[in-house]
Every structure is written in C-alpha cells, then in structure tokens.
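A.B. asks:
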Amino acid sequence: KTKKRNDYLKVIILIIIFPLFVTLSFLCFKKSIIIQKEQNVSYQEYGNPNYKIYLKDNNYYKQDYLDKDMSYIANLIDYISINYNYKFISDTELNGEYYYKIVANLEIRNPKNNSLFYQEKYELSEEKKFPIKNEKEYVINETIDIKYDNYNAIANNFEASYGVDTESNLTVSLELHRKVDGTLSSNSDINSDNKINLIIPLSEKTINLKTEPLAMKNKNVVISLNQYKIDDIKYLISALLFLGFAVTIFIY
12 KTKKRNDYLK VIILIIIFPL FVTLSFLCFK KSIIIQKEQN VSYQEYGNPN YKIYLKDNNY
72 YKQDYLDKDM SYIANLIDYI SINYNYKFIS DTELNGEYYY KIVANLEIRN PKNNSLFYQE
132 KYELSEEKKF PIKNEKEYVI NETIDIKYDN YNAIANNFEA SYGVDTESNL TVSLELHRKV
192 DGTLSSNSDI NSDNKINLII PLSEKTINLK TEPLAMKNKN VVISLNQYKI DDIKYLISAL
252 LFLGFAVTIF IY
C-alpha cells in the first residue's frame, strides 16, 4: 500500500511538473526568437551621367576631349564617352535583385508642335542582373561610348530626304530596375523602374547636352519581412532542455 501510495504521489507530481516544463519551454522559445512581420525602411538613391566629348583632329583644340557643360561644334565630335554613376542606400538589410542596361532612343520631331516624325530604339548593352543578399547598399558604375556621327547622319538624312524642318535628339539612358523581397503592394515604389538620361541634340551646328539625373532622398516604405531570428542563444538552450524534460516525463 505504501509503495502504491508513493507511485500515485509521484505520478501526480509529474502531472503537475509536465505542464510547467512545457510552459517554461514555450516562454524560453518566445524569448529567444524575434519575429518581425513588418518594418519601416528608409532609403535613398542617387544617379548622375557624366560625359566627355572626344574630338576629331582639328586646328584649334590641343586636348583630346572637352569636359561637360560646354558648347560643342558638331562637326568636331568623334565620340561621346558617358559614365553612369548610381548608388542605392538603405537603413535596413534587404534581399532581392537589381538589373540594368543602357539603351538609346532616337527621336525626330516636328519643331512646330513637337509631334513625332520618326523614332528608333537601340539596346547598347546586354542586361546585367545582380542579387541583393542582406545588403544595405549597392553601386552601379558603367561607361559607354557613343559614336556621334552614326546617329547624326540618320537625322540629317531624314531631314534632307523629305525637305522638312526637324528637331532631333538622341537620349542615352541607364535603365534601372529593382525588386525587393517582401514588399507590400501598397509600397511597391521601392521596386522601381527608373532612368538616368543624357540628351544629345542632333542635326545642329553646335550642341549643348542635357543631363537628367536621379535623386530620391529619405523615401520611406513598409516592408513585410516575416523573419524569424534567434536573439538569445541561452534562452534557446533553456527551451530545448525544458522541452526534453517534458518529453521524458510524458514518456514516463
């Protein structure tokens, strides 16, 4: 009888201890793991086209090229070297991908009403794609050379062939695309499609180039993260120990 009484007492104690260990295990697990469902993200991006005008042989300019923001004689232009600098900065580590390519768009327009006579698009580089893996920033630095006479000849021939007044431009663009994992649909603007443009006039005796840079500061979005991260390994070990005790008691 005494042995039976002791066995019953032991079982009752174990029945009381079992939920205690389960509860302690759950609390330690909860303490050890951080669950992030949403997070405010602030980001900035900057992009600018720089260029140099390389010259044909001539009797006036001793240097090989002219710097930006000058007036240029069209007949002296050999090629235009364009350098695109772009930087993306975030206050939070992100995942996803970004990709880009360089394209040119030739437009011949009616100067009276700015309507379009002719348009041709050219892909000047292959698309380059890169992953974003727990990164807060990335940089793009691309350079391309534009043979001015090739595009200028198209615009001049069009004007001469049809005897009409035209206004022609070649817009050379770095097309940027970004896709961030976990972006909420209401804040999809971080998944951007942007352009950095350099506008080159054609069919003119003298030209001035125009830049269209990209600058976006302190843009805020909400990211759906659904991340589970171990914050304190001590609580995780304690949770596993309490769980082990609970399983042992349950088997017993």
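Start counting the sequence shown at 12; every next residue gets the next number (the numbering used here).
Backbone N, C-alpha and C define an ideal beta-carbon position, used for all residues, glycine too.
Predicted model, so just to flag it, every value in this text is computed and none were measured.
#1: Roughly how many angstroms lie between the CA atoms of F32 and R16, to the nearest whole one?
#2: Might you give, ordered along the chain, the residues of its own chain that have their beta carbon closer than 8 Å to the beta carbon of L105, omitting 5 neighbours on each side?
#3: Which partner residues of P60 appear in the DSSP bridge assignment?
#4: Does G174 come out as helix, strand or coil in the three-state DSSP assignment?
#5: Is there at least one non-hydrogen atom of the ligand FAD closer than 7 Å to the beta-carbon of N205?
#6: Evaluate the contact criterion for the segment 87-99 versus the segment 127-141: three or more CB pairs, one atom per stretch, below 8 Å.
#7: So what's S36 in DSSP terms, helix, strand or just coil?
#8: Please list the terminal residues of the continuous beta strand (DSSP E) segment that includes Y149.
#9: Please tell me whether Y95 and P60 are closer than 8 Å, where the distance is taken between their beta carbons.
#10: DSSP on Y41, reduced to helix/strand/coil?
#11: How would you call F261, buried or exposed, if buried means at least 16 neighbouring beta carbons within 10 angstroms?
#12: Go ahead and label L20 buried or exposed: buried means 16 or more other beta carbons lie within 10 angstroms of its beta carbon, across all protein chains shown.
#13: DSSP beta-bridge partners for K245?
#14: In three-state DSSP terms, what is D75?
#15: Excluding the 5 residues flanking L251 on each side, which residues of the same chain have their C-beta closer than 7 Å to its C-beta?
#16: When you compare the CB positions of Y97 and I207, do they come within less than 8 Å of one another, or not?
#17: When you compare only the Cα positions, how much space is there between L254 and S36?
#18: So which of K139, S249, T259 and T217 has the shortest CA-CA distance to L38?
#19: On a CA-only basis, which of N124, E56 and N180 is nearest Y162? Give me that one, please.
#20: Which residue wins for smallest C-alpha separation from I201, given the options I44, S172 and Q55?
#21: Taking buried to mean at least 16 other C-beta atoms within 10 Å of its own C-beta, is A257 buried or exposed?
#22: Is the Cβ-Cβ distance between T182 and I218 less than 8 Å?
#23: Hey, would you say E153 sits closer than 8 Å to I113, going by beta carbons?
#24: Is L105 helix, strand or coil when you go by DSSP?
#25: Output the distance between the C-alpha atoms of Y159 and I165, rounded to the nearest integer angstrom.
#26: Evaluate S82 with the Cβ neighbour count: other Cβ atoms within 10 Å of its Cβ, from every protein chain shown; 16 or more gives buried, anything less gives exposed.
#27: Closest to K245 by CA distance: which of T222, N124 and S43 is it?
C.D. replies: In terms of the structure at hand:
#1: 24 Å
#2: Taken in chain order, the residues that qualify are V52, I143, N145, E146, K147, V191, D192 and I234.
#3: Y95
#4: coil
#5: As far as ligands go, the structure on display features none, and thus does not contain the ligand FAD.
#6: No contact exists between the segment 87-99 and the segment 127-141.
#7: Helix, per DSSP.
#8: Where Y149 is concerned, the enclosing beta strand (DSSP E) stretches over K139 to K158.
#9: yes
#10: Just to set this straight, residue 41 is Lys in the shown sequence, not Tyr. Reduced to three states, the DSSP call for K41 is helix.
#11: exposed
#12: Its Cβ having fewer than 16 others within 10 Å, L20 is exposed.
#13: None, per the DSSP bridge assignment.
#14: coil
#15: none
#16: yes
#17: 5 Å
#18: S249
#19: Out of N124, E56 and N180, N180 has the C-alpha closest to the C-alpha of Y162.
#20: Q55
#21: By the 10 Å Cβ count, A257 comes out buried.
#22: no
#23: With contacts defined as CB atoms closer than 8 Å, E153 and I113 qualify as a contacting pair.
#24: In this structure, L105 counts as strand in the three-state DSSP scheme.
#25: Rounded to the nearest angstrom, the two C-alpha atoms are 10 Å apart.
#26: exposed
#27: S43
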